[in-house]
Amino acid sequence: MNGICQGTVFFLPDVPTAVGRSPECQVQIADPWISSMHAMFERRGEQLWLVDLESRNGTWVDDTRVREAPLAPGSRVRFGKTLAEVRVAQTPRSIVPLLNEHGTIVRYLADLQAEVHQALDPEPQRDTDPSAARSTQRASPARRQVAVLNDVGRALVDAPDLDACLARILATVAGAVRAERGTLMLTDEHGRMVPRATHPPGSPARTSEAVVAAAARSRAGLLTIDALQDLRFSGSQSVVAQGIRSCLCVPVWADNRILGMLILDRGFVDPFTADDLDLVTVAGYQAALAIERARFLERAAQADEHRKGLARHFRPDVVGLVVSQEQGDRDPLEPQARDDVTVVLAECPEAAGLAGRLPAGELAALLRDHLQALCEAIFEERGAIERLQGGGLSAVFGAPLPQPDGAARGLRAAAGMLARVEEANRHRPADRRLSLRVGVGTGRATVGRLGPPPRADLAVVGEAAEVAQQLASMAAPGTVYASRTTVERAGDAFAVQDLGRRLLRGRAAPLEVLQVVGSAAAR
Numbered sequence: 074m075n076g077i078c079q080g081t082v083f084f085l086p087d088v089p090t091a092v093g094r095s096p097e098c099q100v101q102i103a104d105p106w107i108s109s110m111h112a113m114f115e116r117r118g119e120q121l122w123l124v125d126l127e128s129r130n131g132t133w134v135d136d137t138r139v140r141e142a143p144l145a146p147g148s149r150v151r152f153g154k155t156l157a158e159v160r161v162a163q164t165p166r167s168i169v170p171l172l173n174e175h176g177t178i179v180r181y182l183a184d185l186q187a188e189v190h191q192a193l194d195p196e197p198q199r200d201t202d203p204s205a206a207r208s209t210q211r212a213s214p215a216r217r218q219v220a221v222l223n224d225v226g227r228a229l230v231d232a233p234d235l236d237a238c239l240a241r242i243l244a245t246v247a248g249a250v251r252a253e254r255g256t257l258m259l260t261d262e263h264g265r266m267v268p269r270a271t272h273p274p275g276s277p278a279r280t281s282e283a284v285v286a287a288a289a290r291s292r293a294g295l296l297t298i299d300a301l302q303d304l305r306f307s308g309s310q311s312v313v314a315q316g317i318r319s320c321l322c323v324p325v326w327a328d329n330r331i332l333g334m335l336i337l338d339r340g341f342v343d344p345f346t347a348d349d350l351d352l353v354t355v356a357g358y359q360a361a362l363a364i365e366r367a368r369f370l371e372r373a374a375q376a377d378e379h380r381k382g383l384a385r386h387f388r389p390d391v392v393g394l395v396v397s398q399e400q401g402d403r404d405p406l407e408p409q410a411r412d413d414v415t416v417v418l419a420e421c422p423e424a425a426g427l428a429g430r431l432p433a434g435e436l437a438a439l440l441r442d443h444l445q446a447l448c449e450a451i452f453e454e455r456g457a458i459e460r461l462q463g464g465g466l467s468a469v470f471g472a473p474l475p476q477p478d479g480a481a482r483g484l485r486a487a488a489g490m491l492a493r494v495e496e497a498n499r500h501r502p503a504d505r506r507l508s509l510r511v512g513v514g515t516g517r518a519t520v521g522r523l524g525p526p527p528r529a530d531l532a533v534v535g536e537a538a539e540v541a542q543q544l545a546s547m548a549a550p551g552t553v554y555a556s557r558t559t560v561e562r563a564g565d566a567f568a569v570q571d572l573g574r575r576l577l578r579g580r581a582a583p584l585e586v587l588q589v590v591g592s593a594a595a596r
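To convert, take the position in the sequence shown, counting from 1, and add 73; that gives the working numbering.
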């Protein structure tokens, strides 16, 4: 009723609603006499109550300072020096003074939601109350709007993506109300409203922060007969600069959530009408349904692609474990540095030579079966395949899924790969037999999705990977070389042969190298 937010309408949902200067409050009023969290509206049964939140300058109901008090339609409430009045949203009487005083019509989302439910109810109202008859008469335009816009919604389901869906929604609505220009805005991940579609297509967005903020605060669609004369918006530089005259600004809404704004304007000679406001308000709800559907399908497609990407690195049941680690938008393959990563690197020395001797089809079939066997050995120990290269691979244990026994799993996987290659060679001609030389290193490494998007993929960088690569290059075919750290962390499960200290590239001190010759039981 006064102050910086004079004329603003705030919709109170059934859930508790905080009042104050803080951005966390649903009713935010930038009055210095108001506390950050000043008061709270809440429902107790059918009764609306106002509760003071120990504000500095007090909460008042009908000139009485209160700690808490019930409210009724017409109650005057004061927070600091800001005076407000409680009104029932369904009454249309508040539209008349708003129109006379500001040249603005307000269409409450709560009113329209009730009418939509009534429009979808096939049973006629059997009520002799004259006020009920008037309500039915008022709802009949909404029935026509719902019928039209439901047809529009069904036509929009074949839009190929969200942007195409938004463009078609805006074009349909702008054409229905004969708007000269239009903009459809959506709230981004940072809470800002950004233009996503314009009418005519390709034209610059025409928006006013003052008008958008008023519609968002009031949770209502606004029709401004002449924005340049409207007391709320006449001082807005964007309204003046863009020559906005008759303007419709309607939330794109679903339940109690505002997803964006539909903004339409045209010349003052032919201003919008209250029926136009009703139509666009219903369209805002319809647009939200289309947007939510498009976003759901987009998220589903992204999740499917995400799982397909993980399936290249993990066996199916482990993919589920990796996905379960996701927290919000956090990528489970987000790079992480660990001190206990075990890397297994296998090289196939015959692969390059076979490429020059075998037809491409035969070579592809041979390597396919060979690599499939290696992957099975890694997956059996729940390792992650970093990459396939030639006839070999690189795999990691202990990350991104923590594995306290990652070193033992890595050594068992290495032995399993050698056993599978040996078994396969029994059924191959001598000129098509393959071998492996395997290096296993344990230590510090960074594991995760590395590289420039969209080509970033699972990779391992660090001491463990470097040691495994150099051990594989010095190993004899059919053998597994491991670092002393790997064998010690694996416990007493493996029989080893000490090969002495070797100086590896990039290391100041020699590394103690061991050859894994079998399990401890066979020693």
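C-beta: ideal position from N, C-alpha, C; glycine also.
message: Please report the straight-line C-alpha distance between Ala-278 and Thr-519, rounded to a whole angstrom.
response: Taking the sequence shown and counting its residues from 1, the one referred to as residue 278 is at position 205. Taking the sequence shown and counting its residues from 1, the one referred to as residue 519 is at position 446. Between Ala-278 and Thr-519, the C-alpha separation is close to 45 Å.
field: Residues sharing a beta bridge with Met-258, DSSP
entry: Locating residue 258 in the sequence shown gives position 185, where the first residue counts as 1. The partner list for Met-258 (beta bridge, DSSP) reads Pro-268 and Met-334.
query: If we count the other Cβ atoms within 10 Å of its Cβ and call it buried at 16 or more, is His-111 buried or exposed?
result: Along the sequence shown, read from residue 1 onward, the residue named residue 111 stands at position 38. That one is buried.
query: Taking contact to mean at least 3 C-beta pairs separated by less than 8 Å, is the stretch 546-560 in contact with the stretch 459-471?
result: Output reads no: the stretch 459-471 does not touch the stretch 546-560.
query: Is it a yes or a no for the stretch 447-455 touching the stretch 486-498, going by three-plus beta-carbon pairs under 8 Å?
result: With the cut-off at 8 Å, the stretch 447-455 and the stretch 486-498 touch.
- prompt: With C-beta atoms as the reference, is Leu-584 less than 8 Å away from Arg-578?
  reply: Here residue 584 refers to the residue found at position 511 of the sequence shown. Here residue 578 refers to the residue found at position 505 of the sequence shown. Contact: no.
- request: State buried or exposed for Glu-158, treating a residue as buried only when at least 16 other CB atoms are found within 10 Å of its CB.
  value: Counting from one through the sequence shown, the residue named residue 158 turns up at place 85. A residue is called buried once 16 or more other Cβ atoms fall within 10 Å of its Cβ, and Glu-158, having fewer, is exposed.
- prompt: Can you name, in chain order, every residue of its own chain whose Cβ lies under 6 Å from the Cβ of Gly-591, other than the five neighbours on each side?
  reply: The residue given as residue 591 occupies position 518 in the sequence shown. Excluding its 5 nearest sequence neighbours in each direction, Gly-591 has C-beta neighbours in its own chain below 6 Å: Ala-568, listed in chain order.
query: Which word fits Asn-75, buried or exposed, when buried means at least 16 other C-beta atoms lie within 10 angstroms of its C-beta?
result: Residue mapping note: residue 75 aligns to position 2 of the sequence shown, counting from 1. Exposed, by the Cβ-count rule.
field: Buried versus exposed, by CB contacts within 10 Å (16 or more), Leu-304
entry: Your numbering for residue 304 matches position 231 in the sequence shown. Confidence is the limiting factor: at Leu-304 the pLDDT is only 40, short of 50, which leaves the residue's position unreliable, though a coordinate-based value still follows. Of the other Cβ atoms in all chains shown, fewer than 16 fall within 10 Å of the Cβ of Leu-304; this residue is therefore exposed.
query: Between the C-alpha atoms of Thr-297 and Leu-531, what's the straight-line distance to the nearest angstrom?
result: To locate residue 297, count along the sequence shown from 1; it is residue 224. To locate residue 531, count along the sequence shown from 1; it is residue 458. For Thr-297 and Leu-531, the distance between alpha carbons rounds to 55 Å.
field: Residues that Ala-532 bridges to, as DSSP identifies them
entry: Here residue 532 refers to the residue found at position 459 of the sequence shown. For Ala-532, which the question treats as bridged, DSSP gives the partners Gly-521.
- request: Classify Pro-143 as helix, strand or coil using the three-state DSSP reduction.
  value: Walking along the sequence shown from the start, residue 143 turns up at place 70. In the structure shown, Pro-143 falls within a strand segment according to DSSP collapsed to helix, strand and coil.
field: Inter-stretch contact (C-beta, 8 Å, three-pair minimum) for the stretch 362-377 and the stretch 423-438
entry: Between the stretch 362-377 and the stretch 423-438, the count of Cβ pairs shorter than 8 Å is below three; the stretches do not touch.
task: Would you mind giving the Cβ-Cβ distance between Gly-248 and Gly-294, rounded to the nearest angstrom? I have them listed as a contact below 8 Å.
output: Looking up residue 248 in the sequence shown gives position 175. Looking up residue 294 in the sequence shown gives position 221. About 18 Å; that fails the 8 Å criterion.
- prompt: Val-534: which of Thr-559, Gly-463 and Thr-415 sits nearest, CA to CA?
  reply: Taking the first residue of the sequence shown as position 1, residue 534 is located at position 461. Here the closest residue by C-alpha is Thr-415.
- prompt: Can you name, in chain order, every residue of its own chain whose Cβ lies under 6 Å from the Cβ of Arg-140, other than the five neighbours on each side?
  reply: As a working note, residue 140 is residue 67 in the sequence shown. Around Arg-140, the same chain offers Asp-125 as residues with beta carbons nearer than 6 Å, after the five sequence neighbours per side are excluded.
- request: Work out the CA separation of His-443 and Ala-503 for me, nearest whole Å.
  value: Residue 503 sits at position 430 when you count from the first residue of the sequence shown. Residue 443 sits at position 370 when you count from the first residue of the sequence shown. Spanning the two alpha carbons is a distance of roughly 15 Å.
- prompt: Leaving out the 5 sequence neighbours to the left and right, which residues in its chain are closer than 6 Å to Ser-508 when beta-carbon positions are compared?
  reply: As a working mapping, residue 508 is identified with position 435 in the sequence shown. Closer than 6 Å at Cβ, skipping near neighbours: Pro-550 and Gly-551.
Every unbroken alpha helix (DSSP H) within the stretch 334-396, with a cutoff of 4 residues, ordered by chain: List check, alpha helix (DSSP H) in window: 347-384.
task: Tell me whether Gly-551 sits in a helix, a strand or coil according to DSSP, three-state version.
output: Stepping through the sequence shown from its first residue, residue 551 is reached at position 478. Assignment of Gly-551 by DSSP, reduced to helix, strand and coil, places it in the coil class.
- prompt: Which stretch, first to last residue, makes up the beta strand (DSSP E) that contains Arg-575?
  reply: Residue 575 sits at position 502 when you count from the first residue of the sequence shown. Taken as a continuous stretch (DSSP letters only), the beta strand (DSSP E) holding Arg-575 covers 567-575.
- request: Would you mind stating whether His-272 and Leu-235 have Cβ atoms separated by less than 8 Å?
  value: Against the sequence shown, residue 272 aligns to sequence position 199. Against the sequence shown, residue 235 aligns to sequence position 162. For His-272 and Leu-235, no; Cβs fall outside 8 Å.
- request: Might you give, ordered along the chain, the residues of its own chain that have their beta carbon closer than 7 Å to the beta carbon of Thr-558, omitting 5 neighbours on each side?
  value: Here the question's residue 558 lines up with position 485 in the sequence shown. Once the five neighbours on either side are set aside, the close Cβ partners of Thr-558 are Thr-515 and Gly-516.
task: Give, in chain order, every unbroken run of the beta strand (DSSP E) that is at least 3 residues long and sits entirely within the stretch 406-464.
output: With a minimum length of 3 residues, the continuous beta strand (DSSP E) runs that stay inside the stretch 406-464 are 409-420 and 457-462.
query: Out of curiosity, what's the CA-to-CA distance linking Gly-308 and Asp-338?
result: As a first step, residue 308 must be located in the sequence shown, where it is residue number 235. As a first step, residue 338 must be located in the sequence shown, where it is residue number 265. Confidence is the limiting factor: at Gly-308 the pLDDT is only 44, short of 50, which leaves the residue's position unreliable, though a coordinate-based value still follows. Between Gly-308 and Asp-338, the C-alpha separation is close to 18 Å.
- prompt: In chain order, what residues of the same chain have a beta carbon less than 6 Å from the beta carbon of Gly-131, not counting five sequence neighbours either side?
  reply: Start at 1 with the first residue of the sequence shown, and residue 131 comes out as number 58. Excluding sequence neighbours, Gly-131 sits near Arg-138.
message: Tell me the DSSP secondary structure of Thr-155 in three-state form.
response: If you number the sequence shown from 1, residue 155 lands on position 82. Strand.
query: Pick from Arg-482, Ala-487, Ala-419 and Ala-480: whose alpha carbon is nearest that of Gly-599?
result: No statement about residue 599 is possible, as the shown extent of the chain runs from 74 to 596 and does not include it.
message: Beta-carbon within less than 6 Å of Val-540's beta-carbon, same chain only, minus the 5 sequence neighbours each way: which residues are those?
response: As a position in the sequence shown, residue 540 is number 467, starting the count at 1. Result list for Val-540: Gly-514 and Ser-556, in chain order.
message: I need the DSSP call for Cys-238, collapsed to helix, strand or coil.
response: Along the sequence shown, read from residue 1 onward, the residue named residue 238 stands at position 165. Cys-238: helix per DSSP, three-state reduction.
Counterpart residues of Phe-470 in DSSP-defined beta bridges: Taking the sequence shown and counting its residues from 1, the one referred to as residue 470 is at position 397. Phe-470 is bridged to Thr-415.
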